[in-house]
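Following this note's numbering, the numbering of the sequence shown begins with 110 at its first residue and continues without gaps.
C-beta: ideal position from N, C-alpha, C; glycine also.
These notes concern the structure reproduced below.
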Amino acid sequence: RARHNRNARRLKPAGSQADPTDSRHHKDTHLSRHALLGLIATIALVAGCSAPTVTVEPYPVASSAVAPCQQLVASLPGHLLDQGRRDLTADQGSEQVAAVWGDPVITLRCGWQVSDIDTWDPTVLTVNGVAWHWRELTGGYEFYWTDGRISVDVSVPAAYAPQTNVLTELAPYISALATL
Numbered sequence: 110r111a112r113h114n115r116n117a118r119r120l121k122p123a124g125s126q127a128d129p130t131d132s133r134h135h136k137d138t139h140l141s142r143h144a145l146l147g148l149i150a151t152i153a154l155v156a157g158c159s160a161p162t163v164t165v166e167p168y169p170v171a172s173s174a175v176a177p178c179q180q181l182v183a184s185l186p187g188h189l190l191d192q193g194r195r196d197l198t199a200d201q202g203s204e205q206v207a208a209v210w211g212d213p214v215i216t217l218r219c220g221w222q223v224s225d226i227d228t229w230d231p232t233v234l235t236v237n238g239v240a241w242h243w244r245e246l247t248g249g250y251e252f253y254w255t256d257g258r259i260s261v262d263v264s265v266p267a268a269y270a271p272q273t274n275v276l277t278e279l280a281p282y283i284s285a286l287a288t289l
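As structure tokens, this is what we get:
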């Protein structure tokens, strides 16, 4: 007596097509719907648990630097050192020329003018062709780049040691900024 295996696939003659009314052929569709519903639920959960916005104190930016800084900030990556980019509060325009990632916060300020550069370490740190001035802060480092027209300041907390890895990831963006 022949046994029938319910799980065995039935062979169809070459050229024949599946019967669209046969519910057995729509399992993938149901799976896709379930996967889609799971994805929507996950997105809603993540959106509801997203990090609060960050405020970057307003700072003066030369009018000639605003457009290049806005271009830089718009081009920056969504992740830096595997830390997600965070939203900035609208505070006198600084959200257009600054960017932040992670918690603790890595802060990039474009157009920031350092007035006390002579107190920084005199050694210039060159990372992927970009020369940075630097100084140690309590709990991290601050890096400063300028080409004489535009400047960028990056503060990196100690939690991201070695902090120079941030400069490696930012180098292509800063190099592009220097060509504007």
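Asked	Found
Residue range of the unbroken beta strand (DSSP E) whose run includes Arg264	The residue you asked about is not Arg; residue 264 is Ser in the sequence shown. From DSSP, the beta strand (DSSP E) with Ser264 extends over Ser260 to Pro266.
Spatial neighbours of Asp131 in its chain, beta-carbon cut-off 7 Å, leaving aside the 5 residues before and after	Note that Asp131 scores 49 on pLDDT, short of 50, meaning its location in the model is unreliable and no value can be drawn from it.
Neighbourhood of Pro177 by C-beta distance below 7 Å, restricted to the same chain and skipping five residues each side	Ile259, Leu286 and Leu289
Identity of the residues DSSP links to Trp243 by a beta bridge	Asp230 and Phe252
Ser264 burial status per 10 Å Cβ neighbour count (16 or more: buried)	buried
Burial state of Val163 (16 or more Cβ within 10 Å)	buried
Reduced DSSP category for Leu181 - H, G, I as helix; E, B as strand; rest coil	helix
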